[in-house]
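A.B. asks: Residue numbers (the numbering used here), protein chains in the order written: chain A, 2 to 213; chain B, 2 to 213.
Glycine residues also receive a C-beta, built at the ideal position from the N, C-alpha and C atoms.
Protein chains: 2
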Amino acid sequence: MNVPYGYLNVPEECPDARYDRPMTSTSADSPTRSRTRRAILAAAATTLSRNRAATLAEIAEAAQVGRTTVHRYFPDRDELVKATVADSIDVINQSIFDAKLDEGPTREAMRRLITAMVDTYERMMFVWGEQGMLELIDEADTDDAADRAVRDLIARGQTEGVLDPEVSVDWIQQTLWALTYTGGEAGAKGQLPRHGVAAVVIRTFERGIVVG
Amino acid sequence: MNVPYGYLNVPEECPDARYDRPMTSTSADSPTRSRTRRAILAAAATTLSRNRAATLAEIAEAAQVGRTTVHRYFPDRDELVKATVADSIDVINQSIFDAKLDEGPTREAMRRLITAMVDTYERMMFVWGEQGMLELIDEADTDDAADRAVRDLIARGQTEGVLDPEVSVDWIQQTLWALTYTGGEAGAKGQLPRHGVAAVVIRTFERGIVVG
DNA sequence: TCCATATGGAACATTCATGTTCCAAAATGG
DNA sequence: CCATTTTGGAACATGAATGTTCCATATGGA
């Protein structure tokens, strides 16, 4: 049969190169395959954040590909989940770096951070929404530079007296996550206008709910 | 064979009364059976809130009963999950009613509410932590009096100028949940002393994170 | 202590999701 | 337009969780 694109470079860790599985690395993907792979990963993140037990058939349907195609790109369910975790972390990290946390006044940086987190909340929900994923995060050996940037920003804010010094950096980071997730969900449900989500989250994060 | 306790009153919806399945209603349970049933429901809530795909064997182990016993009390996995949702809602409702939301100053009632929610956060996480459960909540035909009590308290707080009038009742209720869940998790992980969780949640709920 | 009640491990049947193969058909892109 | 690439539905094998039965054993309570 004809040798498909990239087939000659099947990685050694694929012990039995069944059918024409594309490279796990996108670097060797054709544009068409790259689009298909991205569609699967995005669908996996969305579907699995809603229902951790979603079947491969459901993920395939959400990605608008055949189940066979999912198997072609990811050798098994575990590999798909791992790849989705890694991909989601990349998306989140990129979004946080784009927020330029080490630039400008702490309060403004915080607001940019919240906006970035609201935009990627589904990926964050997928990655951190269930403890079972924590093992996969470790396995993904991810660069935690984004996490450090967030924590540095919080610590700097507390040192400057801008953020509440009576609670821990952990707590502030988790509060950030909790409010952005809640805002993201409210936006998805239509309970908040999508463009207004970040503003509401920023408001509550900064001043709380009780007046005074 | 000997006729077991309550066996004669097998409900009609149990088409083939296999082995000596106890009544689905606890009203007819013996003290021993009631204890066993509660152990299963509590274990189900805890185990399933951590991993929605936990097996019946894992739930049985957590409940310290045999898998056969789980099948004896709940005809199938779906019925167990439904019963766990209904039971969790009962626990949560009771906890919220015990907080006496219609008594005393709004701010104090709010604090009692937060304390109650922190105490039942795992049940709340189980019930509302994944959208797939929403259907079961509807099926459970639950009394939403507790939900109304919470919303009434928030609305009253806004009318009195105690709570932020610029955001919706929905948003405040969801923020309550998000912060109490975050606090509950921090307590469970040892990041906050358990007795201090409610205080930290109350502090952030009331005044936010930004100083000023 | 004794007997009624309750339990559970083993074994087995069933169901369903996953994994695999095939090759005709569809899609892509030059 | 056509060669090449990519896809996917059907069919099948596999494995794991669930559902069911049995009956010896454990437990509860009078």
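Looking only at its own chain, which residues have a Cβ that is under 7 angstroms from the Cβ of S26 (chain A), when we skip the five neighbours before and after it?
C.D. replies: With a pLDDT of 48 at S26 (chain A), under the threshold of 50, the modelled position of that residue is not reliable, and the figure given next carries that caveat. Excluding positions up to five away in sequence, the list is empty.
A.B. asks: I155 (chain A) to I173 (chain A), Cα distance in whole Å?
C.D. replies: For I155 (chain A) and I173 (chain A), the distance between alpha carbons rounds to 7 angstroms.
A.B. asks: Tell me the rounded alpha-carbon separation between A63 (chain A) and P76 (chain A).
C.D. replies: Approximately 19 angstroms between the Cα atoms of the pair.
A.B. asks: Against chain A, does L81 (chain B) count as a neighbour if the rule is that its beta carbon must be under 8 angstroms from one of theirs?
C.D. replies: So, not an interface residue.
A.B. asks: Looking at the C-beta of A187 (chain A), does it have a partner C-beta in chain B at a distance below 8 angstroms?
C.D. replies: Chain B contact via Cβ: present.
A.B. asks: Which residue's Cα is closest to the Cα of S50 (chain B): B:Q159, B:Y74, B:Y122, B:P106?
C.D. replies: Ranking the options by Cα distance to S50 (chain B), first place goes to B:Y122.
A.B. asks: Do you know offhand how far L57 (chain A)'s Cα is from F127 (chain A)'s?
C.D. replies: Rounded to the nearest angstrom, the two C-alpha atoms are 16 angstroms apart.
A.B. asks: Could you run through the segment 164–175 of chain A and flag, in chain order, every residue whose CB is less than 9 angstroms away from some CB of chain B?
C.D. replies: Within the segment 164–175 of chain A, the residues whose Cβ lies closer than 9 angstroms to some Cβ of chain B are L164, D165, P166, E167, V168, S169, D171, W172, I173, Q175, listed in chain order.
A.B. asks: Can you tell me the Cβ-Cβ gap for D99 (chain A) and A117 (chain A), rounded? I've got them flagged as a contact below 8 angstroms.
C.D. replies: Confirmed, Cβ separation roughly 7 angstroms.
A.B. asks: Residues of chain B with CB under 7 angstroms from A58 (chain A), in chain order?
C.D. replies: Going along chain B, no residue has its Cβ under 7 angstroms from A58 (chain A), so there is no contact; the nearest lies around 16 angstroms.
A.B. asks: Would L180 (chain A) pass as an interface residue toward chain B - the criterion being a Cβ-Cβ separation below 8 angstroms?
C.D. replies: Cβ-Cβ to chain B under 8 angstroms: yes for L180 (chain A).
A.B. asks: Please list, in chain order, the chain A residues whose beta carbon lies closer than 8 angstroms to that of T1 (chain B).
C.D. replies: Since the displayed chain B opens at 2 and closes at 213, residue 1 (chain B) lies outside it and no answer follows.
A.B. asks: Would you say G191 (chain A) faces chain B, with C-beta separation under 8 angstroms as the test?
C.D. replies: Closer than 8 angstroms: no.
A.B. asks: Distance cutoff 8 angstroms, beta carbons only. Does V201 (chain B) sit that close to anything in chain A?
C.D. replies: Taking Cβ atoms only, chain A reaches closer than 8 angstroms to V201 (chain B), which makes this a yes.
A.B. asks: With DSSP collapsed to three states, give me the class of V92 (chain B).
C.D. replies: Note: V92 (chain B) maps to helix in three-state DSSP.
A.B. asks: Compute the distance between the beta-carbons of T205 (chain B) and T176 (chain A), then report whether it is under 8 angstroms.
C.D. replies: It is a contact, given that the beta carbons lie within the stated cut-off.
A.B. asks: Going by the beta-carbon positions, is the gap between R208 (chain B) and V211 (chain A) smaller than 8 angstroms?
C.D. replies: Their beta carbons are under 8 angstroms apart, which means R208 (chain B) touches V211 (chain A) by this criterion.
A.B. asks: Report the neighbours of T48 (chain A) on chain B: residues whose CB is nearer than 9 angstroms to its CB, in chain order.
C.D. replies: Those within 9 angstroms of T48 (chain A) in chain B number zero; the least Cβ separation is about 12 angstroms.
A.B. asks: Using the Cβ count rule (16 or more neighbours within 10 Å means buried), how would you classify D191 (chain A)?
C.D. replies: For the record, residue 191 (chain A) in the displayed sequence is Gly; it is not Asp. Classification for G191 (chain A): exposed.
A.B. asks: Would you kindly work out how many angstroms separate the C-alpha atoms of E109 (chain B) and D148 (chain B), rounded to a whole number?
C.D. replies: Roughly 18 angstroms separates the two Cα atoms.
A.B. asks: I'd like to check one pair, L180 (chain B) with A150 (chain B): are the Cβ atoms closer than 8 angstroms?
C.D. replies: Cβ distance not < 8 angstroms, so A150 (chain B) and L180 (chain B) don't count as in contact.
A.B. asks: Below 8 angstroms on C-beta distance, what does R78 (chain A) contact in chain B?
C.D. replies: Here the premise fails: no neighbours, minimum Cβ distance about 12 angstroms.
A.B. asks: Select from the segment 108–121 of chain B all residues with a C-beta closer than 7 angstroms to any C-beta belonging to chain A, and list them in chain order.
C.D. replies: Going along the segment 108–121 of chain B in chain order, one finds R108 with a Cβ nearer than 7 angstroms to chain A.
A.B. asks: Report yes or no: is there a C-beta of chain B within less than 8 angstroms of the C-beta of G162 (chain A)?
C.D. replies: Chain B, which has a Cβ nearer than 8 angstroms to the Cβ of G162 (chain A), makes this yes.
A.B. asks: Which full runs of the alpha helix (DSSP H) of 4+ residues lie inside the segment 113–195 of chain B, going along the chain?
C.D. replies: List check, alpha helix (DSSP H) in window: 122–129, 133–140, 146–160, 170–189.
A.B. asks: Under the three-state reduction of DSSP, which class applies to V198 (chain B): helix, strand or coil?
C.D. replies: V198 (chain B) falls in the helix class under three-state DSSP.
A.B. asks: Leaving out five residues on either side along the sequence, give the residues of the same chain with a beta carbon under 8 angstroms from the beta carbon of E104 (chain B).
C.D. replies: For E104 (chain B), where only same-chain residues beyond five positions count, the Cβ hits under 8 angstroms are A110.
A.B. asks: Are the beta-carbon atoms belonging to A40 (chain A) and V71 (chain A) less than 8 angstroms from one another?
C.D. replies: Not in contact: A40 (chain A) and V71 (chain A) (Cβ atoms no closer than 8 angstroms).
A.B. asks: When the Cα of Y1 (chain B) is compared with those of B:A45, B:R53, B:D171, which residue comes out closest?
C.D. replies: A question about residue 1 (chain B) goes unanswered here, because the residues of chain B that appear run from 2 up to 213.
A.B. asks: For R36 (chain A), count neighbouring C-beta atoms within 10 Å of its own C-beta (all shown protein chains included) and say buried if the count is 16 or more, exposed if not.
C.D. replies: Burial call: exposed.
A.B. asks: What span of residues does the alpha helix (DSSP H) with E104 (chain A) cover, start to end?
C.D. replies: No alpha helix (DSSP H) contains E104 (chain A), which DSSP labels as neither H nor E.
A.B. asks: For A1 (chain A), is the classification buried or exposed, using 16 other Cβ atoms within 10 angstroms of its Cβ as the cut-off for buried?
C.D. replies: Absent from the structure is residue 1 (chain A), since the part of chain A shown begins at 2 and ends at 213.
A.B. asks: Determine the closest residue to I184 (chain B) out of B:N94, B:M125, B:A54, B:D79, with distance taken between C-alpha atoms.
C.D. replies: Residue 184 (chain B) is actually Gly in this sequence, not Ile. Cα-wise, what sits closest to G184 (chain B) is B:M125.
A.B. asks: Going along chain A, which residues have a C-beta under 7 angstroms from V212 (chain B)?
C.D. replies: Those within 7 angstroms of V212 (chain B) in chain A are G162, V163, L164, D165.
A.B. asks: For G162 (chain A), count the other beta carbons within 10 Å of its own beta carbon; 16 or more makes it buried, fewer makes it exposed. Which is it?
C.D. replies: It is exposed - the Cβ of G162 (chain A) has fewer than 16 other Cβ atoms within 10 Å.
A.B. asks: Tell me, please, which residues DSSP counts as bridged to V212 (chain A).
C.D. replies: The partner list for V212 (chain A) (beta bridge, DSSP) is empty, contrary to what the question assumes.
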